[in-house]
Amino acid sequence: MNMEIRDERERFLLREWTLADVDSLAENISNINIWNNVRDGLPYPYTREDAGTYIRVTMDKPYVQDFAIVADGKAVGGIGFIPLCDVERYSAELGYWLSEDYWNKGIMSEAIRRVVDYVFRETDIIRLFATVYEYNPASMKVLEKAGFTKQAILRKAAVKNGKVIDMHYFDLVKD
Numbered sequence: 219m220n221m222e223i224r225d226e227r228e229r230f231l232l233r234e235w236t237l238a239d240v241d242s243l244a245e246n247i248s249n250i251n252i253w254n255n256v257r258d259g260l261p262y263p264y265t266r267e268d269a270g271t272y273i274r275v276t277m278d279k280p281y282v283q284d285f286a287i288v289a290d291g292k293a294v295g296g297i298g299f300i301p302l303c304d305v306e307r308y309s310a311e312l313g314y315w316l317s318e319d320y321w322n323k324g325i326m327s328e329a330i331r332r333v334v335d336y337v338f339r340e341t342d343i344i345r346l347f348a349t350v351y352e353y354n355p356a357s358m359k360v361l362e363k364a365g366f367t368k369q370a371i372l373r374k375a376a377v378k379n380g381k382v383i384d385m386h387y388f389d390l391v392k393d
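Set out below in structure tokens:
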């Protein structure tokens, strides 16, 4: 499909993952500070083999659901969505991560806005949601800057690093 979404200020580019991203993906995501804020399904440490497997899976979908965030010529983050099914078939969960070297630069809020535009324009999805662990106010702020609204705090809804924690639930609905 060869899809690209450019940031107007040229700080980053969103594009499909390619096998050429294996080294950059493995290098940038294998960080305990990232892993502490994502689901346990993401391995840590993250290897080149993990990266290759993930990228191959992203390439086998009917339309682009997973984007590499490219800055300074390399894949330094990822953002994607997982459509739900059955009665929730018009909803999707949003997930994202960014190399710690690029935190606090406004990249993720803009990347989320770009992906939201794509999802609402190119798919049947009418509602996106994301959950954030209680100890990650920076991610909550990123979602709010991108137009998401906190709908609930899901009390004791997750276990991360052996601790039971609350999850903050955000969503955005297509106009």
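Numbering (the numbering used here), first residue to last: 219 to 393. Every residue gets a Cβ at the ideal spot worked out from N, C-alpha and C, and that includes glycine.
For the alpha helix (DSSP H) that contains residue i, what are its first and last residues?
i: Ile-330; result: 325–340
i: Thr-276; result: 266–276
i: Ile-343; result: No alpha helix (DSSP H) holds Ile-343; DSSP gives it neither H nor E.
i: Asn-251; result: 250–253
Quick check on DSSP: helix, strand or coil for residue i?
i: Ser-309; result: strand
i: Tyr-351; result: strand
i: His-386; result: strand
i: Val-360; result: helix
i: Leu-237; result: helix
i: Asp-225; result: coil
Beta-carbon within less than 6 Å of residue i's beta-carbon, same chain only, minus the 5 sequence neighbours each way: which residues are those?
i: Gln-369; result: Tyr-387 and Asp-389
i: Lys-374; result: Val-382
i: Gly-365; result: Leu-390
i: Ile-223; result: Leu-232 and Arg-332
Between the Cα of residue i and the Cα atoms of the options, which residue gives the shortest distance?
i: Leu-243; options: Glu-222, Leu-232, Ala-269 and Asn-254; result: Ala-269
i: Leu-312; options: Asp-284, Asp-342, Thr-236 and Asp-384; result: Asp-284
i: Pro-169; options: Gly-298, Val-377, Asp-342 and Asp-384; result: Any property of residue 169 remains undetermined from this structure, which presents the chain solely from 219 to 393.
i: Arg-339; options: Gly-324, Ile-300 and Asp-393; result: Asp-393
i: Ala-348; options: Ala-289, Val-256 and Arg-227; result: Val-256
i: Glu-306; options: Ile-343, Tyr-351 and Arg-266; result: Ile-343
i: Asp-239; options: Ala-293, Gly-259 and Ser-357; result: Ala-293
Give me, in chain order, the residues of the same chain whose beta-carbon lies closer than 8 Å to that of residue i; leave out the 5 immediate sequence neighbours on both sides.
i: Pro-261; result: Asp-268
i: Glu-318; result: Asn-249, Asn-251 and Ile-252
Leaving out the 5 sequence neighbours to the left and right, which residues in its chain are closer than 7 Å to residue i when beta-carbon positions are compared?
i: Met-219; result: Note that Met-219 scores a pLDDT of 48, beneath 50, so its modelled location is shaky and nothing firm can be said.
Within the continuous beta strand (DSSP E) that includes residue i, where are the two ends?
i: Leu-372; result: 367–378
i: Glu-318; result: Premise fails: Glu-318 is in no beta strand (DSSP E) and is neither H nor E.
i: Val-240; result: Val-240 -> not in any beta strand (DSSP E); alpha helix (DSSP H) instead, spanning 240–247.
i: Val-294; result: 292–301
i: Phe-285; result: 284–289
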